[in-house]
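Notes follow once the structure below has been shown.
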Amino acid sequence: MRAAPIFAIVSSGAVLGLGAALLFAQQQPRAAPDSRVLETRYEIGYPWWDASRGTPLPASKTFRDPSGQLRLLNTSGAVETDGHPFFTPLGSNGRACITCHQPTSAMSLSVDLIRPRWADTDGKDPLFAAIDGSNCPNLPQEKEESHSLLLERGLFRIALPWPPVTASGRPLKPDFRIEVVRDPTGCNKNPASISVYRRPRVAANLKYVALPTGVTLMADGREPNLQSQATTAAITHEQASAAPTPAQLKQIEDFERQLFMAQHSDAFAGLLGEPGGPPLLGADNLASGVAGAGPMPTAGSLAAAFDPWRNLNAPNLAILQRTFRSSVLRGVDLFASREFGLPDGKRGTCATCHRPGINRSIDIGTTNLPAAKESPELPLFRITCDASAPPHPQLGRTFLTQDPGRALITGKCADAGAILMQQFRGLTARAPYFANGSAAGLNELVDFYDRRFQIGLTDKEKQDLANFLSIL
24 MRAAPIFAIV SSGAVLGLGA ALLFAQQQPR AAPDSRVLET RYEIGYPWWD ASRGTPLPAS
84 KTFRDPSGQL RLLNTSGAVE TDGHPFFTPL GSNGRACITC HQPTSAMSLS VDLIRPRWAD
144 TDGKDPLFAA IDGSNCPNLP QEKEESHSLL LERGLFRIAL PWPPVTASGR PLKPDFRIEV
204 VRDPTGCNKN PASISVYRRP RVAANLKYVA LPTGVTLMAD GREPNLQSQA TTAAITHEQA
264 SAAPTPAQLK QIEDFERQLF MAQHSDAFAG LLGEPGGPPL LGADNLASGV AGAGPMPTAG
324 SLAAAFDPWR NLNAPNLAIL QRTFRSSVLR GVDLFASREF GLPDGKRGTC ATCHRPGINR
384 SIDIGTTNLP AAKESPELPL FRITCDASAP PHPQLGRTFL TQDPGRALIT GKCADAGAIL
444 MQQFRGLTAR APYFANGSAA GLNELVDFYD RRFQIGLTDK EKQDLANFLS IL
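In the numbering used here, each residue carries its 1-based index in the sequence shown increased by 23.
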């Protein structure tokens with residue numbers, strides 16, 4: 024019996040691509056591979072899935088990505104997309120769910136796919152719809168700079184009511200004040216709403232994320248389930264005049280729940296989901312795992328999952344493959360056993376938060392200053408907690424943020440900057456990383472964690488962690 028994956032890997036993470044630095048024994052960056060060794064991620068015919076394309080999505084399909092191949096697995100078999108509400112526009116702007124959840128981008132959207140799409144369509148693809156595919160709808164839409172946040176960081180505009188309201192529309196009284204300090208897009212002039220900019224989330228492996236118990240979805244946790252998320256997306260992102268029908272919502276949810284994806288092969292590590300290999304790798308292992316199940320990946324349990332790779336002297340392994348897998352194994356041990364101070368003041372490891380059944384909102388510093396990467400292209404807000412409100416656990420009563428995160432939904436000052444964790448699967452295919460696209464690659468992400476939590480990683484350790492994440 025195949026073991027359940029140790030973690031479905033839910034996180035706000037990133038991954039190493041072939042063009043990124045790779046430190047082996049000599050700890051020197053590797054150059055981008057010759058095209059004869061690994062072709063570009065763009066397949067012949069350009070791998071963009073248009074809304075209303077109508078061709079079936081196969082039961083199993085691999086796509087090239089910057090470090091090897093990504094695999095999508097439809098456990099219910101091939102999907103007839105003609106007329107399917109995930110693949111068909113439900114609103115007025117020509118978008119469908121598939122527009123922002125592309126198969127070649129691991130059911131998210133990579134900037135490496137967005138930029139050629141702009142060039143190929145002169146910016147006229149529905150992807151760039153003014154409502155949220157531009158920095159602000161009132162900007163001149165024909166100009167590339169009006170879409171700079173999407174083109175450069177893969178960010179869509181998310182406009183949320185302020186003060187916040189409940190799901191039933193009842194206003195909430197926030198326990199903090201929010202002031203606009205910087206508004207480079209010009210979209211935060213209306214005091215009745217707040218515009219922030221975020222990456223699209225992955226629409227696959229959802230049995231580990233959207234549990235039947237009602238784990239909330241989206242960066243700020245505002246959606247209680249997949250059908251409510253699909254309804255909001257149709258009305259806002261697709262500009263539909265009415266909500267999808269119950270039958271359409273069921274069809275969308277059924278499709279998302281049976282779809283799994285993971286890295287399938289790596290140019291250096293080789294085939295990842297081979298029989299007898301590590302049980303947490305590959306789409307098949309994800310599909311067969313138990314939702315939310317699996318022990319805490321301690322040094323022992325996570326290391327045991329990689330026992331099939333421990334015999335690095337196997338005669339069938341090439342030197343480069345053996346060297347890379349050795350780096351991955353060191354990364355596994357770091358992920359599970361290197362302790363550092365967590366945001367709640369306790370000590371833990373990467374695996375403390377990134378394991379099955381954990382899908383919570385945490386302020387790790389990606390949007391709140393001073394930890395966040397300074398980004399003058401993004402709005403900046405000043406948060407001031409009311410005197411009677413609990414202060415932010417790390418920043419006190421007054422601080423700056425690029426995105427208040429969960430606080431825009433709960434109205435609680437203590438939630439400012441808290442972002443719902445994302446999954447760590449198929450990361451090579453969907454850069455950049457973090458909810459605000461602030462890490463262009465895996466190495467930048469690992470650097471952020473190392474600085475933010477003062478882990479003290481060496482360059483070799485950083486690369487080992489990056490290599491481990493790259494094969495998920």
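Built from N, CA and C at the ideal position, the CB exists for glycine as well.
Of Trp71, Phe347, Glu279, Ser171, the smallest CA-CA separation from Asn228 is found for Glu279.
Here Gln477 is exposed: its Cβ has fewer than 16 other Cβ atoms, across all protein chains shown, within 10 Å.
In this structure, the CA atom of Ala458 is about 7 Å from the CA atom of Ala242. Under the 10 Å beta carbon count, Asp145 is surrounded by fewer than 16 other beta carbons and is classified as exposed. Cβ-Cβ separation between Arg176 and Gly460: approximately 3 Å, consistent with a contact (criterion under 8 Å).
Per the Cβ contact rule, the region 369-388 is in contact with the region 432-447 (3 or more Cβ pairs under 8 Å). Excluding the 5 residues flanking it on each side, Asn211 has same chain C-beta neighbours closer than 6 Å at Val203, Ser218, Pro402, in chain order.
In terms of Cβ geometry, Ser83 and Asn97 form a close pair [threshold 9 Å].
About 5 Å separates the CB atoms of Asp289 and Ile494; that is less than 8 Å, so the two are in contact. If you look at Asp289, you'll find it in the beta strand (DSSP E) that goes 282-289. Annotated three-state conformation of His260 is coil, per DSSP.
Annotated three-state conformation of Ser311 is helix, per DSSP.
Setting aside the 5 residues that flank it on each side, Gln262 is surrounded in the same chain by Gly114, Ser115, Asn116, Ile154, each with a C-beta closer than 7 Å to its C-beta; the list follows chain order.
Between the region 464-480 and the region 339-348, the count of C-beta pairs closer than 8 Å stays below three; the two stretches do not touch. Nearest neighbour of Pro160 by Cα position, chosen from Phe199, Trp141, Ile181, turns out to be Ile181. Between Asp198 and Cys436, the alpha-carbon positions lie close to 6 Å from each other. In the DSSP assignment, Val188 is bridged to Pro194.
Rounded to whole angstroms, the gap between the alpha carbons of His170 and Phe151 is 7 Å.
In the three-state reduction of the DSSP assignment, Lys212 falls in the coil class, being assigned neither a helical nor a strand state. Pairing Pro298 with Ala489, the inter-Cα distance amounts to about 24 Å. Taken atom to atom, the span from the alpha-carbon of Ala441 to that of Ser360 is near 25 Å. The region 71-89 makes contact with the region 99-112, as at least three CB pairs between them are under 8 Å. Beta bridge pairing from DSSP links Gly368 with no other residue.
In the three-state reduction of the DSSP assignment, Ala441 falls in the strand class, which pools E and B. Non-local beta-carbon contacts of Ala257 in its own chain, meaning distances under 7 Å to residues more than five positions away in sequence, involve Leu113, Gly114, Ala263, Ala266, Pro267 in chain order. Arg420 is a Cβ neighbour of Thr407, given a cutoff of 9 Å. For Thr375, the enclosing alpha helix (DSSP H) covers residues 373-376.
Along the region 406-490, the alpha helix (DSSP H) occurs as fully enclosed runs of 4 or more residues at 430-433, 465-475, listed in sequence order. When C-alpha distances from Gly296 are compared across Pro269, Trp332, Glu276, Gln274, the shortest belongs to Trp332. Annotated three-state conformation of Phe347 is helix, per DSSP. Measuring C-alpha to C-alpha distances from Thr424 to each of Phe110, Arg205, Phe347, Pro302 identifies Arg205 as the nearest. DSSP places Ile385 within a strand segment (E or B) once states are collapsed to three.
Assignment of beta-bridge partners to Val102 by DSSP yields Leu80. Assignment of Glu202 by DSSP, reduced to helix, strand and coil, places it in the strand class. Leu352 and Asn158 have their C-alpha atoms some 42 Å from each other.
Annotation: Gly368 to Glu362 spans about 12 Å, alpha carbon to alpha carbon.
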